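**Student:** Numbering (UniProt numbering), first residue to last: 1 to 457.
What follows is the structure, encoded as structure tokens:
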């Protein structure tokens, strides 16, 4: 036992394959000698001892045997305690050897990485690769199993590159986690956005009446960075207009009313607080009346809009947005235009998407409208009034590149020929199967897709 103790005491100095081999040989030769514990009393059960006289066993009395057995027991107890101590020390030594193995393994991986082309990639290239690793969504959620957090767990270099790449941390969906307080949730969101290092931010917020003050306080440190904001309104009393103050860099705003609810109506006060820096405005499932906000200068700066309007407000809206180049309009199909609209020409609009489920409200619109620079016209959910559309295209004389219309099957071929005669540069392109199965296409409709003829034909 002393040999083992001495070996372990000096293991930090002399541990080597020879030492381990010697220790193994020593343990292989070690044996525990079991003493002979037989006495004259061993052959008599205890129940018979009371009938036997100590004189029958000569000098081996019980009083002489017990002290000797007790001494042997104490010696064995000390041996067990010593062995337990040795085992503990051997276990500690084994843990040190395992740690040594782990460090050697880590060093091997590190040096193998240095020999790989991936390790030699410049930081700028690696950062660009990381950008392509981000989930395909506009706003990221905090998750250790997804980039960019996942990238920080691969190796030290990747962590350093990811943490110092602001582009990876610029888009975030701010949501309250289940069983998490707002204080704890906002702490992690602030920690995330800190990595953006002053880059323009794109945020998604879920706004309700009870969370207005919390969200305003949360946004305050990022007022000058916020370039894109998406607000998902959870109730009609959300009143998001107080969030639009002091946002000098805001260029894109999306206000979204959840599916399954009647369309909300955005107030004039809310529109009046939108900054003039806005270039993109999306009001999803939210109705707006442009006639009540004629004096708001924000409209004149818009380049793209997605909006819900009543049919007779369409021309008014285009009047307010002279610089608009792209528009997606959701038109109230239940409302007709009570009187003819005044003719109007918009010279900057290049893309127009109309979502409407009845053709009648659109007749007056196409009779009044002229778009000389229109390149894309889409109306996938309805058969547009054919004669009015033909007159509109003739009057506009526009460089149309794409035309997607929902048309009744019985007249599709006839309409194709007439559109191609109006715009000779167009040819019929095959319709992808996925397009005809998209939500909103009626089984009684077909989609006509026209595109410019190639120059070689």
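Cβ coordinates follow ideal geometry from the N, Cα and C atoms, glycine included.
From a predicted model like this one, the values you see are computed outputs, not experimental measurements.
Within 10 angstroms of its Cβ, does residue 257 collect 16 or more other Cβ (buried), or is it exposed?
**Tutor:** By 1-based counting over the chain shown, the position of residue 257 is 257. Answer is buried; the Cβ neighbour count reaches 16.
**Student:** Pull the bridge partners of residue 307 from the DSSP assignment, please.
**Tutor:** Within the chain shown, residue 307 is the residue found at index 307, counting from 1. BP columns for residue 307 point to 329.
**Student:** Relative to the C-alpha of residue 227, which candidate in 254, 67 and 37 has its C-alpha closest?
**Tutor:** Against the chain shown, residue 227 aligns to sequence position 227. For the residues 254, 67 and 37, the minimum Cα distance to residue 227 belongs to 254.
**Student:** When you compare only the Cα positions, how much space is there between residue 248 and residue 149?
**Tutor:** For the purposes of this step, residue 248 is identified with residue 248 of the chain shown, where counting begins at 1. For the purposes of this step, residue 149 is identified with residue 149 of the chain shown, where counting begins at 1. Using only the alpha carbons, I get a separation of about 30 Å.
**Student:** Pair every Cβ in the region 370-386 with every Cβ in the region 342-358, then say whether three or more of these pairs are closer than 8 Å.
**Tutor:** yes
**Student:** Taking the alpha-carbon of residue 458 as reference, which of 230, 199, 244 and 26 has the nearest alpha-carbon?
**Tutor:** No answer is possible for residue 458: it lies beyond the span of the chain, which begins at 1 and ends at 457.
**Student:** I think residue 252 touches residue 279, with their Cβ atoms under 8 Å apart; what is that distance to the nearest whole Å?
**Tutor:** Taking the chain shown and counting its residues from 1, one reaches residue 252 at position 252. Taking the chain shown and counting its residues from 1, one reaches residue 279 at position 279. At roughly 7 Å, the Cβ-Cβ gap stays under 8 Å, so residue 252 and residue 279 are in contact.
**Student:** Enumerate in chain order the residues of its own chain whose CB-to-CB distance from residue 293 is below 6 Å, with the five nearest sequence positions on each side excluded.
**Tutor:** To locate residue 293, count along the chain shown from 1; it is residue 293. Here the set comprises 268 and 271.
**Student:** Just verifying my parser: in three-state terms, what is the DSSP assignment at residue 99?
**Tutor:** By 1-based counting over the chain shown, the position of residue 99 is 99. Residue 99: helix per DSSP, three-state reduction.
**Student:** By Cβ distance, which residues of its chain are closer than 6 Å to residue 351, with the 5 residues on each side in sequence left out?
**Tutor:** What you label residue 351 is simply residue 351 of the chain shown in a count that begins at 1. Here the set comprises 326 and 376.
**Student:** In this structure, does DSSP put residue 84 in helix, strand or coil?
**Tutor:** The count along the chain shown starts at 1 and reaches residue 84 at position 84. In the three-state reduction of the DSSP assignment, residue 84 falls in the helix class.
**Student:** With 8 Å set as the bound, which would you pick, yes or no: does the beta-carbon of residue 148 sit closer than that to a beta-carbon of chain B?
**Tutor:** In the structure shown, chain B does not exist; there is a single protein chain.
**Student:** So the candidates are 241, 391, 107 and 384; which of them puts its Cα closest to the Cα of residue 215?
**Tutor:** Position 215 of the chain shown holds residue 215. Of 241, 391, 107 and 384, the residue nearest in Cα terms is 241.
**Student:** Within 10 Å of its beta-carbon, does residue 133 have 16 or more other beta-carbons around it, so buried, or fewer, so exposed?
**Tutor:** Here residue 133 is taken as the residue at index 133 of the chain shown, counted from 1. Classification for residue 133: exposed.
**Student:** For residue 344, list the residues DSSP reports as bridge partners.
**Tutor:** Indexing the chain shown from 1 puts residue 344 at position 344. Answer is 369.
**Student:** Could you give the distance in angstroms between the alpha-carbon of residue 122 and the alpha-carbon of residue 204?
**Tutor:** By one-based count along the chain shown, residue 122 stands at place 122. By one-based count along the chain shown, residue 204 stands at place 204. If I take the Cα positions, the gap works out to 32 Å.
**Student:** Can you tell me where the alpha helix (DSSP H) with residue 19 in it begins and where it stops?
**Tutor:** By one-based count along the chain shown, residue 19 stands at place 19. Taken as a continuous stretch (DSSP letters only), the alpha helix (DSSP H) holding residue 19 covers 17-29.
**Student:** First and last residue of the alpha helix (DSSP H) that includes residue 270?
**Tutor:** The residue labelled residue 270 in the question sits at position 270 within the chain shown. Its alpha helix (DSSP H) spans residues 268-272.
**Student:** Cutting at 7 Å between CB atoms, please list the residues of its own chain near residue 166, excluding the five before and the five after it.
**Tutor:** Taking the chain shown and counting its residues from 1, the one referred to as residue 166 is at position 166. Exclusion of the five residues before and after residue 166 leaves 195, 196, 197 and 199 as the residues of its chain whose Cβ lies within less than 7 Å of its Cβ.
**Student:** Quick check on the burial criterion: 16 or more other C-beta atoms within 10 angstroms. Buried or exposed for residue 339?
**Tutor:** In the chain shown, counting from the first residue as 1, residue 339 sits at position 339. Answer is exposed; the Cβ neighbour count stays below 16.
**Student:** What is the DSSP secondary structure of residue 170, reduced to helix, strand or coil?
**Tutor:** Here residue 170 refers to the residue found at position 170 when the chain shown is read from its first residue. Coil at residue 170, not helix or strand.
**Student:** At the level of alpha carbons, what is the spacing between residue 405 and residue 185?
**Tutor:** Start at 1 with the first residue of the chain shown, and residue 405 comes out as number 405. Start at 1 with the first residue of the chain shown, and residue 185 comes out as number 185. Cα to Cα, the separation comes out at about 46 Å.
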